[in-house]
């Protein structure tokens, strides 16, 4: 039987670990009684790798080698607009990996984002172990509700590198609802408005008879505290330009200092109606004189700066209500979580929209970790008579003729889910059909992300549209997607399993683990790290220090495995080729 | 869970020959049960012989059956228990029993409910069922192939819940089930009376208070509305009861005559306009008003028929898109008849626009619930939308109108298969 299952809220700005035992949920706090840990990783001048508070504290003196907000990059493709926007905003350097994933310049070496994330997770793991006085192996980890399969998988991989087995990935708002409803007798519909450092999510749940049923989720992957901060940062630069006539935006090294100042002003304005900013000797002008900044920001001005951002979140709330097919007034309780939810402008807007004052029942920074721990406890203790009915995070389907996305399982479908659809050929005597499986967060934009593909060969020579292929999608409670296609004529079947725990090869994980353990001086990173992000594992790569004497005999095995990965990556590459994908169309 | 095992009381367990009993290391009591199994003693008798309660015997026999030691007459032995599964025999039996219900039962039976169930009880049953069959409730245990089997059960329960959660749908379905099963009228009435009696078991007090407030406000609003209407009616009646001035009467009479003439000439729209004017000059004259209404309806119908004729041409010219839009226009003009709606649904169906087709098919069914044609259209559209359960309801209604139609029979068979 499993020992403890901890709950981890892996946040953009701050992270938190919690555990539930017979006495209920509690946060596992580290030294100095800090209940949350800054989501920061750094490489010190001495070449030491640090994470959490220590990394946060040295951020100002070491901006180029301090890494924050990397959750925004996890599981993302390099050439996406979001990645590019983010790259412009941060002080450290990011670049593309061979497989179009994102790598971070870590003291001159390129390191995949999962590896950075793993360093933070390792810190959280050891914090939990310290607090509990025993080893921790299992965890429930939370992600934003809008995270796609790739991002969830990358999060799992990061935990695996850190030596944790993820028993379940759940959505942050869902976790908050669990924290709120656990141990209470409720019959309520709740809305969880989650605005954190980098992301916004809204989830609607029905809680009754101990069952937490997710009704709908909606969110924006790039709307959070950072955006609010950047509004203030922009305003500060503007004001400096106004008074001093210099544009300091191009000076990268100033960014962390200004960002921290902006953050401080934002926090101050939740308690006070006005906040002062004083940044003496911020920079040198060309004539040698110093620029001293003194600014004043009040609540009204702040509300004005972020008004459209707040409005955007409310629109997304409406979207969630529409998806669940319920009215705003049928929501009994609204729960605000995430650091940004302290902002009064946001609280007022939410109350206005739902007509209920936000609940103060849960702690905005700790509820998610506690909820994750609750889910771990619910799973572990079978006798609690409580259950979470979770949903699919995105639309799942196939890419058909004209590079269009055809949904098979809709977003917000309760898991375990299963759905089937009939597809057919578009050319006469077509010999094979390529099935490209994809996910989409928003059908209205006709955007989708490929998850994998497979070929159904040896079709009978028949006119277009007469070959009937039944495609079945299944998603289980672990989020594993299975797709099978059956040729109704020949009864031939092809299957593919898209994702799930243990996706990353054990060997590759061990290599990265070893590296993270031995990081001293310039971190050792090689192509093995990229396996995580789906590039081929090169056979000539072996760990710098052999793990055991059997390491060399394992080598042929590595080569063999690598060819398997190769095929996957080949298939990945060819997804940009719309050729064979044209040959398929949905049929009613 | 008991049901499946209970029916075995009268069954006779048999030893399965290929089993190597000594290798199983069974305890003495179980061995002595085995000694009494001679193919003649039924379960009830065995319990008496062994001085065991039926419950105890049942557990022991279930274990033996799962290990492939014994089998029951006419009942295929349960699949040999999976080494990868550590569910208890009771849990396995519960799952097997539920699988049987799902294979054979209707939506109500799947959730263990009576057809007269109300909204809140339905949800309760679904939640209780989820807690029994959702694989997460057995987390950390080896489930073997029972994982997939539980997933199938859970999805079936979810489907049943979602289907029955729609009040109108549930009532139609319940009626069908009751008719089939020959239950008495009382149950039927219960289904129908249920309307506003949504039960409020264990509702959050805050929520109930809010709902009550909303309800009170709505009532107030309704009352206000009623008073307003009453006043309007009074004013109207007064106006009507007052005999108008001589001049107006004359005008009204002239207008009416003009209307009659226009009517004879076939200009229904102008005729309707004239009758309306006549009615305003002589509001007390019910005849004028009646004639206005009648003529107006006829005029609209005529227009709709004209549009439908164009649609007929488009349809036979092989242009279903155009035809569908025209039939839809006609149906929008005259909504309370099935004929345009059915045609609109049929044409939209041809263009694969099943959403639009369903809209009009639904209208056709509402206008003519006892029409085979509208039921068939509705069934076909729903089938195309893969709502097989919904389609089945309509197909069976169609069959109740025409019992001989072979096509309907085929369709029902097909749908039943799909649902399974």
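Residue numbers (my numbering), protein chains in the order written: chain X, 1064 to 1651; chain H, 36 to 455. Heads up, the beta-carbon is just placed ideally off N, CA and C, and yes, glycines get one too. Small disclaimer: the values here were computed from a predicted structure and weren't measured.
- Item | Span separating the alpha-carbon of residue 1099/X from that of residue 1080/X | 8 Å
Does the beta-carbon of residue 1374/X have 16 or more other beta-carbons within 10 angstroms, so that it is buried, or is it exposed? exposed
Item to check | For residue 1538/X, the nearest candidate out of 1549/X, 1525/X, 1550/X and 1475/X (CA to CA) | outcome: 1475/X
Roughly how many angstroms separate the alpha carbons of residue 1135/X and residue 449/H, rounded to a whole number? 50 Å
Under the rule that 16 or more other beta-carbon atoms within 10 Å means buried, what is residue 1148/X, buried or exposed? exposed
- Does any CB atom of chain X fall closer than 7 Å to the CB of residue 169/H? yes
Quiz item: Can we say the stretch 314-333 of chain H touches the stretch 349-359 of chain H, given the rule of at least three CB pairs closer than 8 Å?
Solution: no
Could you pull the start and end residues of the alpha helix (DSSP H) that residue 1306/X belongs to? 1288-1307
So, under 8 Å CB-CB, residue 47/H and residue 75/H are touching, yes? Tell me the CB distance rounded to an integer number of Å. 7 Å
Compare the beta carbon distance of residue 1528/X and residue 1561/X with 7 Å and say whether it is the shorter of the two. no
* Which of helix, strand or coil DSSP assigns to residue 210/H -> helix
Just verifying my parser: in three-state terms, what is the DSSP assignment at residue 1551/X? coil
Does the separation of the CB atoms of residue 145/H and residue 200/H fall below 7 Å?
no
Check the Cβ of residue 250/H against every Cβ in chain X and list those closer than 7 Å, keeping chain order. Per Cβ cutoff of 7 Å: no residues; residue 250/H is ~12 Å from chain X at best.
Would a C-beta distance cut-off of 7 Å place residue 1215/X and residue 1204/X closer than the cut-off? no
What are the partner residues of residue 1280/X, as DSSP defines its beta bridges? 1266/X
| task | Please compile the residues from chain H whose C-beta is within a distance smaller than 8 Å of the C-beta of residue 1452/X. | result | 165 and 169
Would you decide whether residue 1344/X is buried or exposed? Buried here means 16 or more other CB atoms lie within 10 Å of its CB. exposed
Proximal chain X residues relative to residue 129/H, where beta-carbon distance stays under 8 Å
By Cβ distance, chain X contributes nothing, its closest Cβ being about 14 Å from residue 129/H, past 8 Å.
Enclosing alpha helix (DSSP H) for residue 1440/X [first to last residue]: 1430-1443
- Whose C-alpha, out of 131/H, 444/H and 216/H, is nearest the C-alpha of residue 20/H? There is simply no residue 20/H to check, as chain H begins at 36 and stops at 455 in what is shown.
For this session: In angstroms with no decimal places, state the Cα-to-Cα distance between residue 1102/X and residue 1179/X.
Result: 10 Å
Need the endpoints of the beta strand (DSSP E) that residue 107/H sits in, please.
105-107
Exercise. Any beta-carbon of chain X closer than 7 Å to the one on residue 86/H?
Worked result: no
ask   = Closer than 9 Å, Cβ to any Cβ of chain H: which residues of the stretch 1438-1452 of chain X, in chain order?
value = 1441, 1442, 1443, 1445, 1448, 1449, 1450, 1451 and 1452
Checklist entry - Hey, residue 1437/X and residue 1245/X are a contact pair by Cβ (cut 8 Å); roughly how many whole angstroms apart? => result 5 Å
Practice item. Taking only beta carbons into account, state which residues of the stretch 1481-1500 of chain X come closer than 7 Å to chain H, listed in chain order. Key: 1481
* Is it right to say residue 1124/X is buried, meaning 16 or more other beta carbons lie within 10 angstroms of its own, or is it exposed? -> exposed
(message) Run through chain H and tell me which residues come within less than 8 Å of residue 1099/X, C-beta to C-beta.
(response) Ordered by position in chain H, no residue passes the 8 Å Cβ test against residue 1099/X, which lies about 28 Å from the chain.
Can you give the beta carbon distance from residue 1233/X to residue 1218/X, rounded, assuming they're within the 8 Å contact cut? With a Cβ gap of about 11 Å, residue 1233/X and residue 1218/X do not count as contacting.
Item checked: Alpha-carbon to alpha-carbon, residue 1417/X and residue 1250/X -> 18 Å
message = On the DSSP letters alone, give me the boundaries of the alpha helix (DSSP H) that residue 50/H sits inside.
response = Where residue 50/H is concerned, there is no enclosing alpha helix (DSSP H), although the beta strand (DSSP E) it sits in stretches over 48-50.
From the DSSP secondary-structure annotation, give me the bridge partner or partners of residue 1228/X.
1201/X
### Query
Quick one, are the C-beta atoms of residue 1288/X and residue 1402/X less than 7 Å apart?
yes
Legend entry - Cβ neighbours of residue 1421/X in the same chain (closer than 8 Å, five flanking residues each side left out): 1256, 1397, 1398, 1399, 1404, 1410, 1413 and 1414
Q.
For a test of the three-state rule: what should DSSP assign to residue 424/H, helix, strand or coil?
A. helix
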